[in-house]
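Student: One structure is given below, represented as structure tokens, and several questions about it will come after.
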Amino acid sequence: MTTINFEVADTGAHQVSCNTVTSDNAFAQVTEDCNTSRIFKTIEAIFAFTGKQPKDASHIEDVKYMLETFPHPNLDGEVNKQDAGGTVPVNCDIFRKLTDWSCLPMEQQRETQTFLLKNYSVEDLQLAWDEYIIQKRDLPNSEQYRIFIINWRGNKTKRRTQSLADLMKALEHKDDEIYQERNEQQQLHSELNFVKHINEGHDLIEQNGSLTNAIDNLKSKIDMEVHVGQTKEQIIAEQSQLIDEQKAIIGERMAMIEEQKKIIEEQKEKLRMHKIDDENSFQNKAE
Numbered sequence: 031m032t033t034i035n036f037e038v039a040d041t042g043a044h045q046v047s048c049n050t051v052t053s054d055n056a057f058a059q060v061t062e063d064c065n066t067s068r069i070f071k072t073i074e075a076i077f078a079f080t081g082k083q084p085k086d087a088s089h090i091e092d093v094k095y096m097l098e099t100f101p102h103p104n105l106d107g108e109v110n111k112q113d114a115g116g117t118v119p120v121n122c123d124i125f126r127k128l129t130d131w132s133c134l135p136m137e138q139q140r141e142t143q144t145f146l147l148k149n150y151s152v153e154d155l156q157l158a159w160d161e162y163i164i165q166k167r168d169l170p171n172s173e174q175y176r177i178f179i180i181n182w183r184g185n186k187t188k189r190r191t192q193s194l195a196d197l198m199k200a201l202e203h204k205d206d207e208i209y210q211e212r213n214e215q216q217q218l219h220s221e222l223n224f225v226k227h228i229n230e231g232h233d234l235i236e237q238n239g240s241l242t243n244a245i246d247n248l249k250s251k252i253d254m255e256v257h258v259g260q261t262k263e264q265i266i267a268e269q270s271q272l273i274d275e276q277k278a279i280i281g282e283r284m285a286m287i288e289e290q291k292k293i294i295e296e297q298k299e300k301l302r303m304h305k306i307d308d309e310n311s312f313q314n315k316a317e
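Per my numbering, the very first residue in the sequence shown carries number 31; after that it's consecutive.
What follows is the structure, encoded as structure tokens:
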């Protein structure tokens, strides 16, 4: 059995990996390998025409199914000039191998070809033919081949459905991983922010301590300046008081000096008057 893992890489591109497990049915293994090859080719075609990777597994399967079921305009490898559309002509000689093909009317041949090529790719027709030979050990007629390929396609659809289910499980698992990783990243981001806030808090505490110390130093300096100012004012006041006291003492001394001068002047005047009196008395005596 072949399992296709379709996932989105970190770069945004889609990646497809194929794991093949040995099966007892060799033809089923070949069919799955071909289907895997088609999936890879479908992915390459989508990218070649759009320039973008497929959106998901369902996108790949839809494009692959459209290519597989597109009706081929040329059944025998010859270009039908009246039909310019369709895919590139591919030789298909399966119809000629049917045991009753040459006996069928032309209209029934055309109806059989149209039905098979409209609903199945040339590769699927060949794979179904090979599987019929392996299982039946005989060549089929047109009716047997149609019945067989319908059942074979049903089994293939089941395998495809299972493959899609596996792809969806892988995608869901990948989504869960991405969601879990996103949650882990968000939690880590929250923890980093918390640590950042703690570090910022520590920085603020250190800054606050530095500011507190600076404020204390400034307050001490201001208190010292206030004390110095008060002391200076007190000294100035005391100096002013001393000056006033000195002025008062000087004033008192000047008053005492003036008084002494006045006394001296009075004494001088008295002496002068005594002298005059003595002179007058002496003259009177002389006469």
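Backbone N, C-alpha and C define an ideal beta-carbon position, used for all residues, glycine too. Every value quoted in this text rests on a predicted model; they were computed, and no experiment measured them.
1) Helix, strand or coil for residue 83, going by three-state DSSP, please let me know.
2) CA-CA distance, residue 105 and residue 135?
3) If I measure Cβ to Cβ from residue 247 and keep anything under 6 Å in the same chain, skipping five residues before and after, which residues do I get?
4) Rounding to the nearest angstrom, what Cα-Cα distance links residue 76 and residue 125 in this structure?
5) Would you kindly check if the distance between the Cβ of residue 181 and the Cβ of residue 130 is under 8 Å?
6) So, are the CB atoms of residue 158 and residue 179 less than 8 Å apart?
7) With 16 as the cutoff for other CB atoms within 10 Å, does residue 72 come out buried or exposed?
8) Grab me the residues of residue 142's own chain with a C-beta within less than 6 Å of its C-beta, minus the 5 sequence neighbours each way, in chain order.
9) Is the region 142-153 in contact with the region 90-100, if contact means three or more CB pairs nearer than 8 Å?
10) Enumerate in chain order the residues of its own chain whose CB-to-CB distance from residue 57 is below 7 Å, with the five nearest sequence positions on each side excluded.
11) Considering residue 131, what are the terminal residues of the alpha helix (DSSP H) in which it resides?
12) So, with DSSP's three-state summary, where would you put residue 171?
Tutor: Checking against the coordinates, here is how it stands:
1) coil
2) For residue 105, the predicted model reports a pLDDT of 46, less than 50, meaning its position is unreliable and no value from the coordinates is stated.
3) none
4) 32 Å
5) no
6) yes
7) buried
8) 172
9) yes
10) Because residue 57 sits at a pLDDT of 43, beneath the cut-off of 50, its placement in the model cannot be relied upon, and the following sentence gives the value as read from the coordinates. Same-chain partners within the cutoff: 160, 161, 164.
11) Residue 131 -> no alpha helix (DSSP H), and no H or E assigned at all.
12) coil
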